[in-house]
């Protein structure tokens, strides 16, 4: 009996963790009305930087309250074919820091219009803390 429990309890825990990771955001709507936007910024420093520069990649996560937030999650099956929003996708910009220049390339939409619903780990942790 003990051998079965040693196998069964970790198996149940792994199944719960994986199901929450893959499907947790689909089961519950966010009670906070928040959306998350993730994107990357690639920065290439120009030759006038004398510090032997390398290329820099920033991963940015924005979380904001969206008053027009929808309860459904966009997936691959219901993507729109509207290409009007692609005009600023992966656009290069030449920017300056003091007199030195660098090139910035955004690797995703950063206009806070396309978003995905967050996993509800913060909500779960808040509930557990309130119950303890």
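Numbering (our numbering), first residue to last: 134 to 265.
Heads up, the beta-carbon is just placed ideally off N, CA and C, and yes, glycines get one too.
With DSSP collapsed to three states, give me the class of residue 231. coil
For residue 182 and residue 227, what's the separation of their Cα atoms in angstroms? 14 Å
Report the three-state DSSP secondary structure of residue 263 (helix, strand or coil). helix
Proximity winner among 139, 180, 156, 145, relative to residue 233 (alpha-carbon distances): 180
What whole-angstrom Cβ distance do residue 140 and residue 177 have, given they're in contact under 8 Å? About 52 Å separates the two Cβ atoms, so there is no contact after all.
Once you ignore the five residues that flank residue 147 on each side, which residues in its own chain have a CB closer than 7 Å to its CB? none
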